[in-house]
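Note sheet for the following structure.
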Amino acid sequence: MKSRRIGLVVVLSAILIALSVAPWVFRFPAPQPVIPVAAAALEPLPDLGPVPNFELVAENGEKWSSTSLEGKVWVADFFLTSCQGACPVMMRHMWGVHEYFKTNDCVQFVSISVDPDTDKPEVIANYAKEYKADTARWKFLTGPIEEVHRMASEEGFKVGVPETPMQHSRRFILVDARGRIRGYYEGMDEMSVRECIADIERLLEEQA
Numbered sequence: 089m090k091s092r093r094i095g096l097v098v099v100l101s102a103i104l105i106a107l108s109v110a111p112w113v114f115r116f117p118a119p120q121p122v123i124p125v126a127a128a129a130l131e132p133l134p135d136l137g138p139v140p141n142f143e144l145v146a147e148n149g150e151k152w153s154s155t156s157l158e159g160k161v162w163v164a165d166f167f168l169t170s171c172q173g174a175c176p177v178m179m180r181h182m183w184g185v186h187e188y189f190k191t192n193d194c195v196q197f198v199s200i201s202v203d204p205d206t207d208k209p210e211v212i213a214n215y216a217k218e219y220k221a222d223t224a225r226w227k228f229l230t231g232p233i234e235e236v237h238r239m240a241s242e243e244g245f246k247v248g249v250p251e252t253p254m255q256h257s258r259r260f261i262l263v264d265a266r267g268r269i270r271g272y273y274e275g276m277d278e279m280s281v282r283e284c285i286a287d288i289e290r291l292l293e294e295q296a
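Residue numbers (my numbering): 89 to 296.
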């Protein structure tokens, strides 16, 4: 397990270094050094409740259902394309997790806009391209604000309904193959993101 953790740190560090030199990253602050995830006695990940099924519209303009994630481990977050503060950092970190698992179709990603009036499908499609997202595995979603708020509420991901789009949750939500929440991670904190990767690997091992 210790060797796996060391390998995880090395690979993710390489991804973050690559991000810092990519042309599209120069608009944003470079990732800061982080402390490696410490090896520790592992307890089972908590079961924090189910995620209800939901339907939104994907970046390609087609209807999308969360039922497509059945049997997959997935990570969700909230964003808006006009955000110039937290969202670029969160997206770089989500890209790092997405890149780490790029050869594993059992790991999927979902980013939900909290500003659907602005973030139409064509807008989030361009945003996905900006972050070099593989949209076969990382879906960018928009749709009725009522459904977005339902998914942010206690009925959904339990991260709080924002009073304004800019007040959206900064957390990544880890969901297992049974559709149950297994962890929350600070999307702006690299160490927390590393922990998310380690926990994804644990869930994949549980499935094996």
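Using N, Cα and C, we set each Cβ at its ideal position, and we do this for glycine too.
query: Hey, quick one: how far does the alpha helix (DSSP H) through VAL247 stretch, first residue to last?
result: First-last for VAL247: undefined, no H or E at that position.
- prompt: Is VAL198 closer than 8 Å to VAL236 when the C-beta atoms are compared?
  reply: no
- prompt: Mind checking ALA126: buried by the 16 CB within 10 Å criterion, or exposed?
  reply: Only weak support is given to the placement of ALA126: the predicted model assigns it a pLDDT of 46, under 50, and the value that follows is read from those uncertain coordinates. In summary, ALA126 is exposed, with fewer than 16 beta-carbon neighbours lying within 10 Å of its beta-carbon over all protein chains present.
- prompt: Should ALA190 go down as buried or exposed, given a rule of 16 or more other Cβ atoms within 10 Å for buried?
  reply: Strictly speaking, residue 190 in this sequence is Lys, with Ala absent from that position. Per the 10 Å Cβ criterion, exposed.
6 Å Cβ shell around TRP85 - same chain, five flanking residues per side excluded: Missing from the structure shown is residue 85; the chain here goes from 89 to 296 and no further.
field: Simplified DSSP state of THR155, which is helix, strand or coil
entry: helix
- prompt: Taking DSSP as the reference, what is the three-state secondary structure of ALA221?
  reply: coil
Own chain residues within Cβ distance below 6 Å of CYS175, not counting five before or after: PHE167
message: So, for PHE260: in the same chain, excluding its five sequence neighbours on each side, which residues have a beta-carbon less than 6 Å away from its beta-carbon?
response: Correct list, in chain order: VAL163, ASP165, TYR273, GLY275 and CYS284.
task: Could you round the C-beta distance between ASP207 and THR230 to whole angstroms and report it? I think they count as a contact, below 8 Å.
output: 5 Å
- prompt: Where does VAL185 sit, in a helix, a strand or coil, going by DSSP?
  reply: Note: VAL185 maps to helix in three-state DSSP.
field: CB contact flag (ALA265, GLY159, <8 Å)
entry: Yes, they are a contact pair.
query: Mapping DSSP to helix, strand and coil, what is ASP165?
result: strand
query: Is the beta carbon of PHE245 less than 8 Å from the beta carbon of VAL139?
result: Less than 8 Å divides the Cβ of PHE245 from the Cβ of VAL139.
field: Endpoints, alpha helix (DSSP H) assigned at GLU251
entry: GLU251 -> no alpha helix (DSSP H), and no H or E assigned at all.
- prompt: Where do the N-terminal and C-terminal ends of the alpha helix (DSSP H) with LEU292 fall, by residue?
  reply: 278–295
Where the alpha helix (DSSP H) through GLY238 begins and ends: For clarity, residue 238 is Arg in the given sequence; the question names Gly instead. First-last of the alpha helix (DSSP H) with ARG238: 233–240.
- request: Could you say if the stretch 246–256 and the stretch 208–215 meet the contact criterion of at least three C-beta pairs nearer than 8 Å?
  value: no
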